[in-house]
């Protein structure tokens, strides 16, 4: 059974807001709804509020990006527990370094968040590969009912993807994670990895083909 | 495998509900622990934007000396 963690309101001071939409977004987050994808303007307002110590704004930013960060770092580390650690460290670094964030034209906030996440993952687990041990260990997750068809199917797809990703060289795995886990474009990935955008596109294309073939093999049961 | 299919496959890597709750709880704890003093925050601002921050600080100190008796009192003490 999943534990319900109450939102911490310690230190929160109500303050006048300029946007009703922002209030509704924050309200929705308090009732546990899926975070709505925010555009850059609204993200910037949240960043400004969080910089001024608004804890609710910081939590809204956190919920906006935590899944994407986890999805990006999971292929770069060995297991879910390590991905949790890296995600936590990266999100803490993001929220405590907001003062250093400078908005640049044509660059999205998520790109800055995932730069921190990628560097955190690289620093901590540089020489490790994703988990290749008994995949059933990674299939069952707390808080999920493993008996339902959907959960079983999701676990199979998850296992196949992780095993296929483990076969990729580190550089390709990083690029693919940023592209498909972080949903960044080639230019943004190029800025993080130091590769050219054209090279990123080529690597993505090649890795996608490799992953597709490997996932099919695993799902067909040809290779454990 | 298409771009969209691979993006969809990556969604299966999302953290579970328990992991999500645990991370949020730990982050709240870490944020509380990382609360820094005003001096620390000001110094970090100096590191990020040294010229602008020190310029503002100098202007504020100047305004304080010129618009309050503080400046006159300091001069009197020096004499």
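Chains as they are written, first to last, in the numbering used here: chain S, 1125 to 1348; chain R, 13 to 91. All residues carry an ideal CB built from backbone N, CA and C; glycine is no exception.
Our two residues, residue 1278 (chain S) and residue 52 (chain R), have alpha carbons roughly 46 Å apart in a direct line. In the three-state scheme derived from DSSP, where H, G and I count as helix and E and B as strand, residue 23 (chain R) is classed as helix. At a cut-off of 8 Å between beta-carbon atoms, residue 1246 (chain S) makes no contact with chain R. At a cut-off of 8 Å between beta carbons, residue 64 (chain R) makes no contact with chain S. In this structure residue 63 (chain R) is exposed. Its beta-carbon is surrounded by fewer than 16 other beta-carbon atoms within 10 angstroms. For residue 46 (chain R), the residues of chain S that pass the 8 Å Cβ criterion are 1216, 1220, in the order they occur in the chain. A straight-line Cα-Cα distance of about 40 Å links residue 1238 (chain S) and residue 73 (chain R).
Collapsing the DSSP output to three states places residue 1204 (chain S) in a helix. Judged by their CB atoms, residue 1186 (chain S) and residue 1219 (chain S) are nearer to each other than the 8 Å cut-off. Look at the beta carbons and you see the region 1319-1332 of chain S touching the region 1279-1297 of chain S: at least three pairs across the two are nearer than 8 Å. Runs of alpha helix (DSSP H) with 4 or more residues, each lying fully within the region 28-73 of chain R, are found at 29-45, 50-60, listed in chain order.
Contact note: residue 42 (chain R) reaches chain S through 1212, 1216, using a C-beta cutoff of 8 Å and chain order. The beta carbon of residue 55 (chain R) sits no closer than 8 Å to any beta carbon of chain S. About 23 Å separates the beta carbons of residue 1247 (chain S) and residue 26 (chain R), which is beyond the 8 Å limit, so they are not a contact pair. Proximity of residue 1206 (chain S) to chain R, defined by a Cβ-Cβ separation below 8 Å, is not satisfied.
Assignment of residue 1330 (chain S) by DSSP, reduced to helix, strand and coil, places it in the helix class.
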